[in-house]
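Engineer: Respectively, the protein sequence lines represent chains A and B. When you line the first sequence up against numbering that gives the first Met the number 0, it's residues 0 to 217, in that order. When you line the second sequence up against numbering that gives the first Met the number 0, it's residues 0 to 237, in that order. Every residue gets a Cβ at the ideal spot worked out from N, C-alpha and C, and that includes glycine.
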Amino acid sequence: MAGADRNAASAMSTDDFIKGLWRENPVFVQVLGMCPVLAVTNSAINALAMGLATTFVLVLSNTLVATLRHFIPRQVRIATFILIIATFVTVVDYLIQAISLDLHRALGAFISLIVVNCLILGRAEAFASKNTVTRSVLDGLGMGVGFTFALLCLGGAREIFGSGSLFGVALFPAAYQPWIVMILPSGGFFTLALWLLLFNHLKLRRQARDDLAQEVTQ
Amino acid sequence: MHSASGQHNAAHPPIWPLYRALVGVGLVCGLLIVSVFVLTGPVIARNEAAALQRAVFQVLPGAVAKASFELGPDGNFHPAGQGSAPQQTVHAGYDAEGHLVGVAIEAQGMGYQDTIRLLYGYAPQSQTVVGMEVLSSKETPGLGDKIEKDPAFRANFRALDVGIAADGQSLQRPVEAVKSGSKTLPSQIDGITGATISSKAIAAILRQSSAQWVPLVYRLQGELEGEPEGEGQTDGGS
Numbered sequence: 000m001a002g003a004d005r006n007a008a009s010a011m012s013t014d015d016f017i018k019g020l021w022r023e024n025p026v027f028v029q030v031l032g033m034c035p036v037l038a039v040t041n042s043a044i045n046a047l048a049m050g051l052a053t054t055f056v057l058v059l060s061n062t063l064v065a066t067l068r069h070f071i072p073r074q075v076r077i078a079t080f081i082l083i084i085a086t087f088v089t090v091v092d093y094l095i096q097a098i099s100l101d102l103h104r105a106l107g108a109f110i111s112l113i114v115v116n117c118l119i120l121g122r123a124e125a126f127a128s129k130n131t132v133t134r135s136v137l138d139g140l141g142m143g144v145g146f147t148f149a150l151l152c153l154g155g156a157r158e159i160f161g162s163g164s165l166f167g168v169a170l171f172p173a174a175y176q177p178w179i180v181m182i183l184p185s186g187g188f189f190t191l192a193l194w195l196l197l198f199n200h201l202k203l204r205r206q207a208r209d210d211l212a213q214e215v216t217q
Numbered sequence: 000m001h002s003a004s005g006q007h008n009a010a011h012p013p014i015w016p017l018y019r020a021l022v023g024v025g026l027v028c029g030l031l032i033v034s035v036f037v038l039t040g041p042v043i044a045r046n047e048a049a050a051l052q053r054a055v056f057q058v059l060p061g062a063v064a065k066a067s068f069e070l071g072p073d074g075n076f077h078p079a080g081q082g083s084a085p086q087q088t089v090h091a092g093y094d095a096e097g098h099l100v101g102v103a104i105e106a107q108g109m110g111y112q113d114t115i116r117l118l119y120g121y122a123p124q125s126q127t128v129v130g131m132e133v134l135s136s137k138e139t140p141g142l143g144d145k146i147e148k149d150p151a152f153r154a155n156f157r158a159l160d161v162g163i164a165a166d167g168q169s170l171q172r173p174v175e176a177v178k179s180g181s182k183t184l185p186s187q188i189d190g191i192t193g194a195t196i197s198s199k200a201i202a203a204i205l206r207q208s209s210a211q212w213v214p215l216v217y218r219l220q221g222e223l224e225g226e227p228e229g230e231g232q233t234d235g236g237s
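#1: In chain B, which residues lie less than 9 angstroms from residue 83 (chain A) when you measure between Cβ atoms?
#2: Kindly give me the distance between the Cβ atoms of residue 117 (chain B) and residue 204 (chain B), rounded to whole angstroms, as I take these residues to be in contact under 8 angstroms.
#3: Starting from the beta carbon of residue 169 (chain A), find every residue of chain B whose beta carbon is closer than 9 angstroms, and list them in chain order.
#4: Per DSSP, what kind of secondary structure is residue 97 (chain B) in: helix, strand or coil?
#5: Do the CB positions of residue 159 (chain B) and residue 127 (chain B) come within less than 8 angstroms of each other?
#6: Which residues share a DSSP beta bridge with residue 176 (chain B)?
#7: Residue ranges of each alpha helix (DSSP H) run of no fewer than 4 residues wholly in the segment 60-93 of chain B, ordered along the chain?
#8: Rounded to whole angstroms, what is the Cα-Cα separation between residue 219 (chain A) and residue 99 (chain B)?
#9: Return the CA-CA distance between residue 63 (chain A) and residue 83 (chain A), expressed in angstroms with no decimal places.
#10: For residue 164 (chain A), which three-state DSSP category applies?
#11: What residues from chain A crowd round residue 135 (chain B), counting only those whose CB sits closer than 7 angstroms?
#12: What three-state label does DSSP hand residue 142 (chain B) in the structure shown?
#13: Against chain B, which members of the segment 61-77 of chain A pass a CB distance test of less than 9 angstroms?
#14: Closest by CA to residue 120 (chain A), which one among A:142, A:20 and A:106?
#15: Would you report the Cα separation of residue 109 (chain A) and residue 157 (chain B), rounded to the nearest angstrom?
#16: What's the gap between the Cα of residue 44 (chain A) and the Cα of residue 83 (chain B)?
#17: Roughly how many angstroms lie between the CA atoms of residue 68 (chain A) and residue 131 (chain A), to the nearest whole one?
#18: In terms of residue numbering, what span does the beta strand (DSSP E) encompassing residue 115 (chain B) cover?
#19: Specify the secondary structure class of residue 36 (chain A) as computed by DSSP and reduced to three states.
#20: Leaving out five residues on either side along the sequence, give the residues of the same chain with a beta carbon under 7 angstroms from the beta carbon of residue 142 (chain B).
#21: Starting from residue 216 (chain A), trace the alpha helix (DSSP H) both ways and give me its first and last residue.
#22: In chain B, what lies closer than 7 angstroms to residue 89 (chain A) by C-beta?
#23: Out of A:159, A:117, A:216 and A:74, which has the shortest C-alpha to C-alpha gap to residue 36 (chain A)?
#24: On the criterion of 16 or more Cβ atoms from any shown chain inside 10 Å, does residue 15 (chain B) qualify as buried, or is it exposed?
#25: Closest by CA to residue 157 (chain A), which one among A:185, A:144, A:134 and A:172?
#26: Which residue from A:153, A:211, A:125 and A:87 puts its Cα closest to that of residue 60 (chain A)?
#27: On the three-state DSSP scale, how would you describe residue 128 (chain B)?
#28: Does any CB atom of chain B fall closer than 8 angstroms to the CB of residue 100 (chain A)?
#29: Would DSSP call residue 236 (chain B) helix, strand or coil?
#30: Tell me, please, whether the CB atom of residue 176 (chain A) is closer than 8 angstroms to any CB atom in chain B?
#31: Can you check whether the CB of residue 111 (chain B) is closer than 8 angstroms to the CB of residue 138 (chain B)?
#32: Ignore the nearest five residues each way along the sequence and tell me which others in residue 122 (chain A)'s own chain have a CB closer than 7 angstroms to its CB.
#33: Would you mind working out which of A:161, A:135 and A:199 sits nearest residue 17 (chain A), comparing C-alpha positions?
#34: Is any beta-carbon of chain A found at less than 8 angstroms from that of residue 47 (chain B)?
#35: What does residue 42 (chain B) reach in chain A if we use C-beta pairs closer than 7 angstroms?
#36: Determine, using beta-carbon pairs with one atom in the segment 65-75 of chain B and one in the segment 208-223 of chain B, whether at least three such pairs fall under 8 angstroms.
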């Protein structure tokens, strides 16, 4: 009996992590945090750095919110969550400056944007304030990795077409004329639309297959 | 007593937990931010000083030693100390024999998104700008940030003419940006396609700063021919 309980518990925590990657992907399914998704994805390296910084803030704020969840009354929860998130964003900002000024120069304009990423407040409100610390950390990690994956999908595609390179390595012969529009803000909207199209197409196809399988069994 | 406080709680939710949560979380967050600031502050200051030091030698090719000078209220240069204002400070670079190679000057101005801070090297002998490094900018990644990396754009600042006019107070020709590929005068900067505003901002910052500093440094270059004491700070001759 105890073994079955433990199995169920571990399956549940694996699910806390897995769901953010694909089924509840914050960008492609929940369509959250669009500001950094559109603004920072003009190169793969910017997308990766932004994804990692967001994951860091998300995991830490989920941890603290879940730890203090019995201590924070409902009436002041938004104020305290925002305070916690802003604190960790400031911490990340100073840490990056201390690690490398060059990295901070590449990201500086975007770090402070993390405060207003609704993904982080959304997870604090919808998950961390109601669940244990362990589950909240796993949820933050899964959502963070899913967010980073989505940013990389956009950043990679935009860099390949817009600059003819990936992570700064040239992919095409010098004669290739890059599509400047892809690294401009409008290119972000086009790329996001195409990825959403692909994800919704996959979702519809899976749904149709499931329906068919149900009919056959009936 | 007990039941009275229970009634009171039912009528109005207790406010003590609200205070406790807000003040408690504020205290924890405040402590966290201040401790990270205290821990990283010296490292960040060291990184910034090292970046400035590197940039001085980059914008002054041939320099092996540097000394910083502050423009005093009397209109003369004095060796810079700890609390010198960066806007009033220049960095003189010297070659191996101790001769003045040029002067690195910090300048800033508005770019497309935010303030651009840059450092440029001025060589009084040839009366040209011999190097330019962007210290900090928040220009659009992929477009405006080409002002930092684009090799063709950077080539503009190897010998940019900032010759002094006959009156000794102004420049013969102010620095200006032109459309990419149409540079005809040695005082013009070839702009970048796709980063027009950012490259024009660089030209405007250089035009303003050179009009102010170049005649001054040219006139007072004798005061900067000090005796450098190797790399880093020197207190110069008293």
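Structural biologist: Walking through what the data contain:
#1: Against the first sequence, residue 83 (chain A) aligns to sequence position 84. From the beta-carbon of residue 83 (chain A), the residues of chain B found nearer than 9 angstroms are 24, 27 and 28.
#2: In the second sequence, residue 117 (chain B) corresponds to position 118, counting from 1. In the second sequence, residue 204 (chain B) corresponds to position 205, counting from 1. Taking C-beta atoms under 8 angstroms as the contact rule, residue 117 (chain B) and residue 204 (chain B) qualify, at a distance of about 6 angstroms.
#3: By one-based count along the first sequence, residue 169 (chain A) stands at place 170. Result: empty, since nearest Cβ-Cβ is about 14 angstroms, beyond 9 angstroms.
#4: Within the second sequence, numbered from 1, the residue matching residue 97 (chain B) stands at position 98. Note: residue 97 (chain B) maps to coil in three-state DSSP.
#5: Here residue 159 (chain B) refers to the residue found at position 160 when the second sequence is read from its first residue. Here residue 127 (chain B) refers to the residue found at position 128 when the second sequence is read from its first residue. Contact check for residue 159 (chain B) against residue 127 (chain B) passes: the beta carbons are separated by less than 8 angstroms.
#6: Within the second sequence, residue 176 (chain B) is the residue found at index 177, counting from 1. Paired residues: B:188.
#7: List check, alpha helix (DSSP H) in window: nothing returned.
#8: In this structure chain A extends from 0 to 217, so residue 219 (chain A) is not present and cannot be described.
#9: As a first step, residue 63 (chain A) must be located in the first sequence, where it is residue number 64. As a first step, residue 83 (chain A) must be located in the first sequence, where it is residue number 84. Near 8 angstroms, if we compare the C-alpha coordinates of residue 83 (chain A) and residue 63 (chain A).
#10: Here residue 164 (chain A) refers to the residue found at position 165 of the first sequence. Here residue 164 (chain A) sits in strand by DSSP.
#11: Against the second sequence, residue 135 (chain B) aligns to sequence position 136. Neighbours of residue 135 (chain B) on chain A, chain order: 104.
#12: Your numbering for residue 142 (chain B) matches position 143 in the second sequence. Of the three classes helix, strand and coil, the one that applies to residue 142 (chain B) here is coil, per DSSP.
#13: If the cut-off is 9 angstroms between Cβ atoms, the segment 61-77 of chain A has 63, 67, 70, 71, 72, 74, 75 and 76 near chain B.
#14: The residue labelled residue 120 (chain A) in the question sits at position 121 within the first sequence. The residue with the shortest Cα to Cα distance from residue 120 (chain A) is A:142.
#15: Translated into the one-based positions of the first sequence, residue 109 (chain A) becomes position 110. Translated into the one-based positions of the second sequence, residue 157 (chain B) becomes position 158. Between residue 109 (chain A) and residue 157 (chain B), the alpha-carbon positions lie close to 32 angstroms from each other.
#16: Counting from 1 along the first sequence, the entry for residue 44 (chain A) is found at position 45. Counting from 1 along the second sequence, the entry for residue 83 (chain B) is found at position 84. It is roughly 38 angstroms from the alpha-carbon of residue 44 (chain A) to the alpha-carbon of residue 83 (chain B).
#17: Position 69 of the first sequence holds residue 68 (chain A). Position 132 of the first sequence holds residue 131 (chain A). The straight-line gap separating the alpha-carbon atoms of residue 68 (chain A) and residue 131 (chain A) is approximately 9 angstroms.
#18: Position 116 of the second sequence, counted from the first residue, corresponds to residue 115 (chain B). Run containing residue 115 (chain B): 114-122, per the beta strand (DSSP E) assignment.
#19: Along the first sequence, read from residue 1 onward, the residue named residue 36 (chain A) stands at position 37. Residue 36 (chain A) falls in the helix class under three-state DSSP.
#20: As a working mapping, residue 142 (chain B) is identified with position 143 in the second sequence. Taken in chain order, the residues that qualify are 193 and 194.
#21: As a working mapping, residue 216 (chain A) is identified with position 217 in the first sequence. Bounds of the alpha helix (DSSP H) holding residue 216 (chain A) are 184-216.
#22: Residue numbering aside, residue 89 (chain A) sits at position 90 when the first sequence is read from its first letter. For residue 89 (chain A), the C-beta contacts it makes with chain B under 7 angstroms involve 32, in order along the chain.
#23: Along the first sequence, one-based indexing puts residue 36 (chain A) at 37. Nearest option by C-alpha distance: A:117.
#24: Taking the second sequence and counting its residues from 1, the one referred to as residue 15 (chain B) is at position 16. By the 10 Å Cβ count, residue 15 (chain B) comes out exposed.
#25: Here residue 157 (chain A) corresponds to residue number 158 of the first sequence, with the count starting at 1. Checking every option, the nearest Cα to that of residue 157 (chain A) belongs to A:185.
#26: For the purposes of this step, residue 60 (chain A) is identified with residue 61 of the first sequence, where counting begins at 1. Among A:153, A:211, A:125 and A:87, the Cα nearest to that of residue 60 (chain A) belongs to A:87.
#27: Taking the first residue of the second sequence as position 1, residue 128 (chain B) is located at position 129. Reduced to three states, the DSSP call for residue 128 (chain B) is strand.
#28: Start at 1 with the first residue of the first sequence, and residue 100 (chain A) comes out as number 101. Interface residue (Cβ-Cβ distance to chain B less than 8 angstroms): residue 100 (chain A) is classified as such.
#29: Here the question's residue 236 (chain B) lines up with position 237 in the second sequence. Note that residue 236 (chain B) has pLDDT 38, beneath the 50 cutoff, so the model's placement of it is unreliable and the number below is only indicative. Coil at residue 236 (chain B), not helix or strand.
#30: Along the first sequence, read from residue 1 onward, the residue named residue 176 (chain A) stands at position 177. In terms of beta-carbon proximity, residue 176 (chain A) stays away from the interface with chain B, with every pair separated by 8 angstroms or more.
#31: On the second sequence, residue 138 (chain B) is found 139 positions in, with the first residue counted as 1. On the second sequence, residue 111 (chain B) is found 112 positions in, with the first residue counted as 1. Result yes, Cβ atoms of residue 138 (chain B) and residue 111 (chain B) sit closer than 8 angstroms.
#32: Indexing the first sequence from 1 puts residue 122 (chain A) at position 123. Contacts found: 57, 61, 138, 139 and 142.
#33: Here residue 17 (chain A) is taken as the residue at index 18 of the first sequence, counted from 1. Of the candidates A:161, A:135 and A:199, the one whose C-alpha sits nearest the C-alpha of residue 17 (chain A) is A:135.
#34: Looking up residue 47 (chain B) in the second sequence gives position 48. Closer than 8 angstroms to some Cβ of chain A, the Cβ of residue 47 (chain B) qualifies, so yes.
#35: As a position in the second sequence, residue 42 (chain B) is number 43, starting the count at 1. What residue 42 (chain B) touches in chain A: 97.
#36: Of all C-beta pairs linking the segment 65-75 of chain B to the segment 208-223 of chain B, three or more are shorter than 8 angstroms, placing the two stretches in contact.
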